[in-house]
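Read top to bottom, the protein sequences are chains A and B. Numbering of the first sequence is given in my numbering, commencing with residue 1 and proceeding in unit increments. Numbering of the second sequence is given in my numbering, commencing with residue 1 and proceeding in unit increments. The beta carbon of each residue, even a glycine, is placed where N, CA and C say it ideally should be. Take a look at the structure set out below.
There are 2 protein chains.
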Amino acid sequence: MSQKVRIALDAMGADHGPAVVVAAAELARSRHPDSEFLFFGNSTLIAPLLDARPELKSASRLIHTEIAVRMEDKPSQALRYGRWKSSMWLAIDAVKKGDADVVVSGGNTGALMAMSKFNLKTLPGIERPAIAVLWPTLRGESVVLDVGASIGADAEHLVDLAVMGAAMARILFGIDRPSVGLLNIGVEEVKGLEPVREAGRILREDKLADLDYQGFVEGDDIGKGAVDVVVTEGFAGNIALKTAEGTARQISEYLRGAMTRSLGARIGYLFARSAFRQLRERMDPGRANGGVFLGLNGIVIKSHGGTDAEGFAAAIELGHGVVRDRLLAKITAALARPGKPPRQALGGAAS
Amino acid sequence: MSQKVRIALDAMGADHGPAVVVAAAELARSRHPDSEFLFFGNSTLIAPLLDARPELKSASRLIHTEIAVRMEDKPSQALRYGRWKSSMWLAIDAVKKGDADVVVSGGNTGALMAMSKFNLKTLPGIERPAIAVLWPTLRGESVVLDVGASIGADAEHLVDLAVMGAAMARILFGIDRPSVGLLNIGVEEVKGLEPVREAGRILREDKLADLDYQGFVEGDDIGKGAVDVVVTEGFAGNIALKTAEGTARQISEYLRGAMTRSLGARIGYLFARSAFRQLRERMDPGRANGGVFLGLNGIVIKSHGGTDAEGFAAAIELGHGVVRDRLLAKITAALARPGKPPRQALGGAAS
Chain A
1 MSQKVRIALD AMGADHGPAV VVAAAELARS RHPDSEFLFF GNSTLIAPLL
51 DARPELKSAS RLIHTEIAVR MEDKPSQALR YGRWKSSMWL AIDAVKKGDA
101 DVVVSGGNTG ALMAMSKFNL KTLPGIERPA IAVLWPTLRG ESVVLDVGAS
151 IGADAEHLVD LAVMGAAMAR ILFGIDRPSV GLLNIGVEEV KGLEPVREAG
201 RILREDKLAD LDYQGFVEGD DIGKGAVDVV VTEGFAGNIA LKTAEGTARQ
251 ISEYLRGAMT RSLGARIGYL FARSAFRQLR ERMDPGRANG GVFLGLNGIV
301 IKSHGGTDAE GFAAAIELGH GVVRDRLLAK ITAALARPGK PPRQALGGAA
351 S
Chain B
1 MSQKVRIALD AMGADHGPAV VVAAAELARS RHPDSEFLFF GNSTLIAPLL
51 DARPELKSAS RLIHTEIAVR MEDKPSQALR YGRWKSSMWL AIDAVKKGDA
101 DVVVSGGNTG ALMAMSKFNL KTLPGIERPA IAVLWPTLRG ESVVLDVGAS
151 IGADAEHLVD LAVMGAAMAR ILFGIDRPSV GLLNIGVEEV KGLEPVREAG
201 RILREDKLAD LDYQGFVEGD DIGKGAVDVV VTEGFAGNIA LKTAEGTARQ
251 ISEYLRGAMT RSLGARIGYL FARSAFRQLR ERMDPGRANG GVFLGLNGIV
301 IKSHGGTDAE GFAAAIELGH GVVRDRLLAK ITAALARPGK PPRQALGGAA
351 S
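This is the structure we're talking about:
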């Protein structure tokens, strides 16, 4: 890593176009002046945006690309037309080549994961990468992973998720031994969760120095902030994340409706406006923006595609933070924990 | 079914004791005068409550039981000490014997499911029962099942869930062909979801008369009310339900905090109080109280244990409604759909 934090940006990956990405980079740089940017995308669109920001331009390089990955395409399609030459691929490739320390894209999640895997490859001992998110809780934030990079997990994969998630929590929350829980359901004596129970056994018995295993947690423990790191396989994790987002949106609709229904409510709303603004900000997924792909030879940050410049800047700043705090090196060290069995010796039931 | 709706109540199953159950029965009967009750529980506690309500008492029978199932016990423990003689077992048994049309309990969910399965047995062709809930959405309510009765599902089980859920939606929402979606995650080309995809294929090709299959839905579609019936296996379903409850509680905490932080917010709160009350009621799980156990030779309603009399009454009234509308007969008829393959011919991957 150079003294600067070099961030590769897929400028074609935001729903609202390169203007959001460039404005976000300017915001991020205003708060982290040690940032440098590599913009990948259509130079006809991007060059004028940089010309209008001389200070940002002086810390940026623009690499023209003809091809942008479309949001609706399947990963295999995107790989077919976008490999070697799309803005997304080349932004990832900058990390691979060592030209950048981290890559941020708001583009097609499946394509971003497929290209990241294909190009960066997984870390030694890791079969499948994971997507980790910062989940707002009553106690602050928790790391939740995997939220959909892959489906099903054997016990050893769940343990790897715990180790990677704890490394991320340690850095982002500044906690020495983050607490870790395995997402499970409250029904006792059920069949079919051998991998989760086995992972619990390993975490309990191994007593890893870098994390404090707390046992099983249920869906409603996530929002409570019961643990710093919630570990789950990707199917249930994705459903939990999307369901929480849906519930937050639903309540905010109710609230909007309730606040306009009567004169009293409308007057109340005027008085309580700033309180509502705070609430909206806490509930806004854009504030805790950015999934982090873990388990690869490089850090890839996925921003929400539909976010504004402030939201995209949050994803860029998350990228800046994990580079400054050497997340990748710490994960690599933590994964090489003593006593970890070789993968082929494991009998967990991957589905 | 008699002209009356005969409801068996596990009077020992509510966290706040028989007083809640008896008060709930009185409330339910005031709105549904054709209700009759069988109370199972400690007569020393219950008799005085009924004596104080002569009108309710005239429509009730009290059956003394010595044993109450404890909330913290595992299903196998509860079966060991509670079979044949606990209030929970005997309330279920009243349905088995034809003394009651439906049973309502707020007790230990795992024990209630275990006893229900053991005593009532599953319907022909159904291997495992399911728990269905009414989920509040922006469009009203949806039926979501299974939320945790069992883990994993083969394709045919998912199709059975769709059929049972649609029968419930038809009755409760008065829709001829309820729309049905299979809960899935948005990542394309993923391995491991064969059962969900196979169930989708069956539902698409069979074009069942009683439901309108709409394809896959994601977690955030539940709260939108995108479909009338959301079908999922129990692990993901339970995590979705608990996560939504946790998120709702979390936001309501934020709201409480935000509304007391400044003078303006406090004044605003006074004006908007009734709007907040409405919001709380819509978000309150007690309002849409009651999971329904489907797939058994008898209908079992699970109330939240921690609810108040109004919440428990909602569960009783849900029971009243499904009896009046002959849910069990309709499910039995719908499950015997033409062309349904015998179970042993199926190759779905139960986990």
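Contact fails between the stretch 144–161 of chain A and the stretch 311–326 of chain A, because fewer than three Cβ pairs, one in each stretch, are under 8 Å apart. Considering only B:Asp51, B:Ala226, B:Gly181 and B:Ala199, the residue with the shortest C-alpha distance to glycine 215 (chain B) is B:Gly181. A Cβ-Cβ separation of about 15 Å leaves alanine 162 (chain A) out of contact with arginine 128 (chain A) under the 8 Å criterion. Ranked by Cα distance from isoleucine 46 (chain A), the first of A:Val292, A:Lys242, A:Val20 and A:Ser30 is A:Val20. Beta bridge pairing from DSSP links threonine 137 (chain B) with B:Gly140.
Taking 8 Å as the threshold, the shortest C-beta distance from threonine 332 (chain B) to chain A does not fall below it. With a beta-carbon spacing of about 4 Å, valine 103 (chain A) and alanine 8 (chain A) fall inside the 8 Å limit used to define contacts. Within the same chain, no residue comes within 6 Å of aspartate 99 (chain B) by CB-CB distance, once the 5 residues on both sides are set aside. Contact of asparagine 238 (chain A) with chain B is assigned, a C-beta pair being separated by under 8 Å. Minimum Cα-Cα distance from isoleucine 63 (chain B) among the listed residues B:Ala78, B:Ile92, B:Tyr81 and B:Glu72 corresponds to B:Ile92.
Serine 105 (chain B) places its beta carbon less than 8 Å from that of aspartate 10 (chain B). The CB of arginine 249 (chain A) comes closer than 9 Å to the CB of Leu138, Asp220, Gly223 and Lys224 in chain B, given here in chain order. Only residues of its own chain outside the window of five on either side were considered, and among them Glu36 have a CB closer than 6 Å to the CB of alanine 59 (chain A), listed in chain order. Along the stretch 137–207 of chain A, the beta strand (DSSP E) occurs as fully enclosed runs of 3 or more residues at 140–145 and 179–183, listed in sequence order. Within the same chain, and ignoring the five residues on either side of aspartate 210 (chain B) in sequence, the residues whose Cβ sits closer than 6 Å to its Cβ are Ala166 and Ala334.
Glutamine 77 (chain A): member of the alpha helix (DSSP H) spanning 75–82, first to last residue.
For isoleucine 67 (chain A), the three-state secondary structure derived from DSSP is strand. Threonine 232 (chain A) is positioned such that its CB atom lies closer than 8 Å to that of aspartate 146 (chain A). Cβ-Cβ distances below 8 Å link aspartate 51 (chain A) to Lys57 in the same chain, with the five nearest sequence neighbours on each side left out; the list follows chain order. Here DSSP, grouped into helix, strand and coil, assigns arginine 128 (chain A) to coil. In terms of CA proximity to methionine 115 (chain A), A:Lys96 leads the group A:Lys96, A:Ile126, A:Glu198 and A:Gly125. In summary, alanine 248 (chain A) is buried, with 16 or more beta-carbon neighbours lying within 10 Å of its beta-carbon over all protein chains present. DSSP places threonine 260 (chain B) outside both helix and strand once states are collapsed to three, so it counts as coil.
Among the residues facing chain B, glutamate 253 (chain A) is included, as its CB has a counterpart in that chain under 8 Å away. Judged by DSSP secondary structure, glycine 215 (chain A) falls within the beta strand (DSSP E) whose first and last residues are 212–217.
Ranked by Cα distance from methionine 12 (chain A), the options A:Lys4, A:Ile299 and A:Val22 are led by A:Val22. About 11 Å separates the CB atoms of methionine 88 (chain B) and glycine 110 (chain B); that is not less than 8 Å, and the two are not in contact. Between alanine 24 (chain A) and chain B, the shortest Cβ-Cβ separation is not below 8 Å.
Per the C-alpha coordinates, the member of A:Gly257, A:Ala78, A:Phe173 and A:Thr122 positioned closest to serine 274 (chain B) is A:Gly257.
Exposure of arginine 31 (chain A) is indicated by the presence of fewer than 16 other C-beta atoms within 10 angstroms of its C-beta. Sixteen is the threshold: when 16 or more other Cβ atoms of the shown chains lie within 10 Å of the Cβ of threonine 65 (chain A), as they do, the residue is buried. For valine 322 (chain A), DSSP assigns no beta-bridge partner whatsoever. A Cβ of chain B is located within less than 8 Å of the beta carbon of glutamate 245 (chain A).
For leucine 9 (chain A), the enclosing beta strand (DSSP E) stretches over residues 5–10. The Cβ of isoleucine 185 (chain B) sits closer than 8 Å to at least one Cβ of chain A. Counted as a single uninterrupted DSSP element, the beta strand (DSSP E) harbouring lysine 302 (chain B) occupies residues 300–302.
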